[in-house]
Amino acid sequence: MIIVRIFTGIVCIIIGITGLLLPVLPGWVLIFTGMYLVLPKQYKKLKQRIRELLKSRREVKSGKAEGPPKYNARYIKIHDES
């Protein structure tokens with residue numbers, strides 16, 4: 126079952142990359158679906174990081190924040206103690 130999930134994920138990623146070049150296929154949707162199928166734990170961390178970055182961009186545009194949050198190499202949010 127795991128082999129089928131990984132194979133399906135790799136196929137989705139390949140078709141997604143093709144979809145970036147061809148306007149007919151939804152590239153990003155297939156790439157993110159493939160990432161979820163191949164690496165579910167890392168995908169959840171990446172999804173949370175993307176949500177926080179988008180939220181901080183909205184706050185910066187509205188004047189409520191100074192900039193995006195900082196992360197270390199493992200996508201763990203660095204809390205500023207100052």
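This note's numbering numbers the first residue of the sequence shown as 126 and each following residue consecutively.
Backbone N, C-alpha and C define an ideal beta-carbon position, used for all residues, glycine too.
Can the beta-carbon of residue i be found closer than 8 Å to that of residue j?
i: Leu162; j: Gly134; result: yes
i: Leu150; j: Thr158; result: no
i: Leu164; j: Gly141; result: no
Could you have a look at residue i and say whether DSSP puts it in helix, strand or coil?
i: Glu126; result: In the sequence as displayed, the identity of residue 126 is Met instead of Glu. Coil.
i: Val149; result: coil
Open item on the list: Runs of 4 residues minimum, wholly inside the segment 163 to 187: which ones carry the alpha helix (DSSP H) assignment?
Closed with: 165 to 187
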